[in-house]
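Enquirer: Just so we're aligned: 98 in UniProt numbering is position 98 of the sequence shown, and the numbers increase by one with no gaps anywhere. No residue lacks a Cβ here, since even glycine has one placed at the ideal position from N, Cα and C.
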Amino acid sequence: MDDCFDFFLLEDLETLESIERRSVFIPEHRNNDLDELDEDDFHRRYRFYKGTIETLVELLRTKLDSATARNHALTAAEKVLAAVRFFAFGNRQINVGDLHSISQPSTSRAITDVARALAELRPQYIYLPQTEDQRMQIRQKFYREFGFPGVYGALDCSLIKILNPGGSLAETFRCRKGFFALNVQTVSDPDLSIRNIVVRWPGSTHDSTVFDHSYLRAHLETEVPSSYHLLGDSGYPLRSYLMTPFLNPVGAGQVRYNAAHARARNVVERQYGVWKKRFSCIDTPFRCSLETAQTVIVATAVLHNLALSLGDYEDEYSLPLQQDETMVNHSQEHGGIAKRNAIVANFFN
């Protein structure tokens, strides 16, 4: 079973508490920014181009369209625009509904409905390469762009802030940096697509623990040919399916290996940067239930991949190669040592 459904209780979603509940007058006419804004203004407001949002509306229409027009029920397009505006600007933009002449309770429900509908599309948009052709395409692109062979994807975790969830386990969500968070694991390909996501672990959980208890690890051990491997930082154990850098490289070959490893693994750092830049809601503390926060995180990951598939790219920050600040994991399996040494001998000496 995929990790998504370990935590993902769609039937129990609560409305977002970050949207203040209050009644406002709803006029006969509501703004339709898809029609009324030019492309540049629309992109500034939503961080997507119109074509992407129009595609999203059609994907979700059957799930979102109301059965009745009574009480000025929101259309699928209106729900999507309200939700995407929230995804883009998060808690800094609490007047999402006012921009669209929608009451705050209706805005809250729209965001929840869209997040749930997007998250249900996860299997279609977030998936590991399954066929040899799919694996080979990723492998070849990693090698062509970064000079590292056999790569299945780049692995890392990132902390996403939440409010104190309360309860007896609340302190497990406090990360080593002192705030409450979820420790979210993703795998990125060279195009910065999210190929795997796990969002069920508290912020105090070590990255290697998230990986060791994931479907991804079992998939690598049982279903992926041994010539492939993920790239992880030194916080992960060295295994035949997970290549990590040399902690103290000796000789030019190991130095070159580490340099190529850093370049290739950096795609997952870039992916997190682009994802969080486009979706400010995941870069500020979620003011909602834990289950809703998890759902919104998955929803934005789906939308991230959908946008990439449509050529709707977010500009990257200028990201240097990341300095490794993780707690070093000294675990090294014999198979991992042998494979890493073979890679150095065959490609970097």
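Could you give the DSSP three-state label for Tyr-152: helix, strand or coil?
Expert: Residue state, collapsed to three classes: strand.
Enquirer: If you follow the beta strand (DSSP E) that His-229 is in, where does it begin and where does it stop?
Expert: 229-231
Enquirer: Verify the CB distance criterion: does Thr-205 have a CB-CB separation below 8 Å to chain C?
Expert: Among the chains of the structure shown, chain C does not appear; only one protein chain is present.
Enquirer: Looking at Val-151: is its Cβ nearer than 8 Å to the Cβ of His-229?
Expert: Their beta carbons are under 8 Å apart, which means Val-151 touches His-229 by this criterion.
Enquirer: If we require 4 or more residues per run, which alpha helix (DSSP H) segments fall completely within the region 159-218?
Expert: 207-212
Enquirer: According to DSSP, Met-243 sits in a beta bridge with which residue or residues?
Expert: According to DSSP, which records beta bridges pairwise, Met-243 is partnered with Leu-231.
Enquirer: Residues in the same chain with beta-carbon distance under 8 Å from Tyr-46, minus the five sequence neighbours each way, listed in chain order, please.
Expert: Asp-33, Ile-53, Leu-81, Val-84, Arg-85, Ala-88
Enquirer: Please classify Phe-279: does DSSP put it in a helix, a strand, or coil?
Expert: coil
Enquirer: Quick one: is Pro-225 buried, meaning 16 or more other Cβ sit within 10 Å of its Cβ, or exposed?
Expert: Exposed.
Enquirer: Exposed or buried, which one is Tyr-257 when buried takes at least 16 other CB atoms within 10 Å?
Expert: Buried is the call here.
Enquirer: Quick check on DSSP: helix, strand or coil for Gln-137?
Expert: Reduced to three states, the DSSP call for Gln-137 is helix.
Enquirer: Taking only three categories from DSSP, how would you classify Leu-56?
Expert: helix
Enquirer: Consult DSSP for Leu-308 and reduce its assignment to one of helix, strand or coil.
Expert: Leu-308 carries a helical assignment under DSSP once its states are collapsed to helix, strand and coil.
Enquirer: According to the neighbour-count rule (16 or more other Cβ atoms, all chains shown, within 10 Å of its Cβ), is Val-274 buried or exposed?
Expert: buried
Enquirer: Nearest-angstrom Cα distance between Gly-147 and Asn-248?
Expert: 21 Å
Enquirer: Go through its chain and collect everything with a Cβ distance to Asn-305's Cβ below 8 Å, but skip five positions before and after it.
Expert: Tyr-125, Ile-126, Ser-193, Ile-194
Enquirer: Please list, in chain order, all residues of the same chain as Tyr-236 whose beta carbon is under 8 Å from its beta carbon, the five residues on each side excluded.
Expert: Leu-155, Asp-207, Ser-208, Phe-211, Leu-242, Thr-244, Asn-329
Enquirer: For His-219, which residues in the same chain have their Cβ closer than 8 Å to its Cβ, ignoring the five residues on either side in sequence?
Expert: Leu-128
Enquirer: Tell me which residues share the same chain as Asn-349 and place their Cβ nearer than 7 Å to its Cβ, disregarding the 5 neighbours each side in the sequence.
Expert: Taking Asn-349 as the centre and dropping the five residues before and after it, the same chain places the C-beta of Gly-253 closer than 7 Å to its C-beta, in chain order.
Enquirer: Identify whether Leu-81 lies in helix, strand or coil by the three-state DSSP scheme.
Expert: helix
Enquirer: Among residues of its own chain, excluding the 5 on either side of Ile-337, which ones have a beta-carbon nearer than 6 Å to its beta-carbon?
Expert: none
Enquirer: Using a Cβ distance threshold of 8 Å, determine whether the region 157-175 contacts the region 280-293, with at least three qualifying pairs required.
Expert: Result yes; three or more Cβ-Cβ pairs closer than 8 Å.
Enquirer: Span of the alpha helix (DSSP H) holding Ile-337?
Expert: 334-343
Enquirer: What are the residues that DSSP puts in a beta bridge with Leu-238?
Expert: Gln-332
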